[in-house]
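>
Numbering (our numbering), first residue to last: -6 to 390.
1. Identify, in the order they occur along the chain, each residue of the same chain with its Cβ nearer than 8 Å to the Cβ of residue 356, setting aside the five sequence neighbours on each side.
2. Helix, strand or coil, according to DSSP, for residue 5 in the structure here?
3. Where residue 294 and residue 209 are concerned, what is the direct C-alpha to C-alpha distance, given to the nearest angstrom?
4. Is the separation between the beta-carbon of residue 144 and that of residue 184 shorter than 8 Å?
5. Taking 8 Å as the cut-off, decide whether the C-beta atoms of residue 66 and residue 34 are in contact.
6. What are the boundary residues of the alpha helix (DSSP H) that includes residue 234?
7. Around the C-beta of residue 253, are 16 or more other C-beta atoms found within 10 angstroms, so that it is buried, or is it exposed?
8. Let me check one thing: in DSSP terms, what residues is residue 176 bridge-paired to?
9. Identify whether residue 212 lies in helix, strand or coil by the three-state DSSP scheme.
10. For residue 337, does the three-state DSSP call read helix, strand or coil?
11. Going residue by residue through the region 38 to 74, where are the continuous alpha helix (DSSP H) segments of at least 4 residues, counting only ones entirely within it?
12. In the DSSP assignment, find the alpha helix (DSSP H) that holds residue 220 and state where it starts and stops.
13. So residue 355 is in the alpha helix (DSSP H); what residue range does that whole segment cover?
14. By DSSP's criteria, residue 99 is part of a beta bridge. Which residues make up the other side?
15. Identify whether residue 344 lies in helix, strand or coil by the three-state DSSP scheme.
16. Hey, is the region 170 to 188 in contact with the region 136 to 151, meaning 3+ C-beta pairs nearer than 8 Å?
17. Three or more C-beta pairs under 8 Å: does that hold for the region 267 to 275 against the region 305 to 315?
18. Counting only the same chain and skipping the five closest in sequence on each side, list residues whose C-beta sits under 6 Å from that of residue 304.
19. Who pairs with residue 129 in a beta bridge, going by DSSP?
20. Run through DSSP, which three-state label would residue 107 get?
21. Between which two residues does the alpha helix (DSSP H) harbouring residue 284 extend?
22. Below 7 Å CB to CB, which residues in the same chain sit around residue 258 once its five sequence neighbours on both sides are set aside?
23. Comparing alpha-carbon positions, which option in 129, 96, 119 lies nearest residue 109?
24. Could you give the distance in angstroms between the alpha-carbon of residue 152 and the alpha-carbon of residue 138?
25. Since I believe residue 202 is in contact with residue 190 (beta carbons under 8 Å), could you give me their beta-carbon distance rounded to a whole number of angstroms?
26. Would you check whether the ligand FMN has a heavy atom nearer than 7 Å to the C-beta of residue 34?
27. My guess is that residue 233 and residue 197 are in contact by the Cβ rule of under 8 Å, so how many angstroms apart are they, rounded?
28. With a cut-off of 8 Å, do at least 3 Cβ pairs link the region 152 to 171 to the region 108 to 126?
29. Expressed to the nearest angstrom, what Euclidean distance is found between the alpha-carbon atoms of residue 380 and residue 348?
30. Let me make sure I understand the geometry here. Which of 136, 141, 150, 367 has the alpha-carbon closest to that of residue 352?
31. Just the Cα atoms here: how many angstroms apart are residue 324 and residue 308?
32. From 284, 327, 37, 206, pick the residue whose C-alpha is nearest to that of residue 10; which is it?
33. Buried or exposed: residue 107, going by 16 or more other Cβ atoms within 10 Å of its Cβ?
34. So, is residue 284 buried or exposed, given that buried needs 16 or more other C-beta atoms within 10 angstroms?
35. Secondary structure at residue 381, three-state DSSP: helix, strand or coil?
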């Protein structure tokens, strides 16, 4: 399947996918009327709910269908209601804990920025519950990571990623090349990811951490101040995040549509800023996909649009394909680094796209080597990868 334009996209979609786009997109009289037409046709609620969960848009969908049910007789399934209230309850717990942890870190002198999740939801939708989230993402300065780690341990959180103690060499390697560690509370089950930069690939969005903090925005949540990324940094960050993950969650694209629809950023200015870091392609890709999936008509320079055609087609196909195919760990996974290399210029950036060839936690856990032999993890990496994703599965069958 190759999707090149909106007309072709709509021809591929089944009734459930059409309803998903209509009810989760930017609402207007035309989309509401079309949604009513599709709701009157046969469709499968089970498949539709599964699509909502796969694309993380169940709260957005439920809110739209609930409002529509006031004027059109719609029997909303109990399963949809229960999932909505369950997700809402979880997100509210995350928001409450995020505000608490952020405030306590500030008291300890650990400045922090809350990323994505309910905090992004409040910032762009004005409602913390419209974006499902599995965890709390906190950005701190690199020299504050150890203090943040010690604090979370004092709060009862246990490190789960990695789930073993790193050697000096492993820790040094990881801090330089990756961007986060994760903790979980045995008491409430909440997962917190501590970031010391926005992406593992520093060349992807090479803004200084101080620049991110200096431009951060203070918002009030539950009567308490929290810090989030500035609208401009957020927009570029979200475009890059969506791009490297092939936009396979429709929610990520919906966030971009919301930011553009509310006029939170100026497209021309955003492209000009992105050009400083060579990030015009992910921005153009995002705008093109928003136009294609949500029927908007944001202006895109045709010459520039031709330059991102292949990555737009790749992402559009990933969005409508089955998740298991998009995220396959088999040999098709090699397509992802090749796709990522097309997102921007620069030899070092393109080299870092092949992180699949770099040692990671699983390698260190599977093969224990002293720091003096750390270099051996590099030639061992292909063999460990092949064993993990092929031989091990065959042996276990």
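Don't be surprised by glycine CBs; every beta carbon is placed ideally from N, CA and C.
Let me spell this out:
1. 370, 373, 374, 377
2. helix
3. 30 Å
4. no
5. no
6. 224 to 237
7. buried
8. 152, 185
9. strand
10. coil
11. 38 to 47, 51 to 61
12. Here residue 220 belongs to no alpha helix (DSSP H); instead the beta strand (DSSP E) covers 217 to 221.
13. 354 to 359
14. The partner list for residue 99 (beta bridge, DSSP) is empty, contrary to what the question assumes.
15. helix
16. yes
17. no
18. 278, 335
19. 185
20. strand
21. 273 to 287
22. 224, 225, 228, 252
23. 129
24. 13 Å
25. 6 Å
26. In the structure on display, the ligand FMN does not appear, and there are no ligands present to speak of.
27. 6 Å
28. no
29. 17 Å
30. 367
31. Note that residue 324 scores 47 on pLDDT, short of 50, meaning its location in the model is unreliable and no value can be drawn from it.
32. 37
33. buried
34. buried
35. helix
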